[in-house]
Amino acid sequence: MALSTFFPAFTTLATLVIGVMWFLYDRRDRRICDRQRFRHAYRCIKCGRIYERRGQREVATCPDCGFANDRLRF
Ligand SMILES: [Zn+2]
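Be aware that the sequence shown starts at 16, since it is given in our numbering, and climbs by one per residue.
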């Protein structure tokens with residue numbers, strides 16, 4: 016195979032492989048991020064326990080004492 020044929024073919028193949036890997040890893044990271052985005056941390060002001068809940072709610076009850084707490088904001 017001549018160098019003038021090999022080099023463009025190799026460059027195209029390498030670009031294609033990197034593009035496919037970029038797409039797959041980006042999709043995987045987005046899926047992981049979506050899962051973590053709807054997880055919120057809460058700190059009980061009554062007993063001091065820190066816990067987390069899934070979903071988009073602002074208030075969650077403490078698993079220990081049952082007190083309703085607002086989610087933590089960072
Ligand atoms: Zn509590």
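For each residue, glycine too, the CB sits at the ideal point set by N, CA and C.
Keep in mind the model is a prediction, meaning the values are calculated, not measured.
Outcome for residue i when other beta-carbon atoms lying within 10 angstroms are tallied against a minimum of 16
i	result
cysteine 59	buried
tyrosine 57	buried
cysteine 62	exposed
cysteine 77	buried
alanine 83	exposed
alanine 17	exposed
Nearest-angstrom Cβ-Cβ length linking residue i and residue j, presumed shorter than 8 Å
i	j	result
phenylalanine 53	glycine 70	6 Å
Secondary structure of residue i, DSSP reduced to three states
i	result
arginine 45	helix
alanine 17	coil
isoleucine 33	helix
arginine 86	strand
arginine 52	helix
Residue interval of the beta strand (DSSP E) (run including residue i)
i	result
arginine 68	65-69
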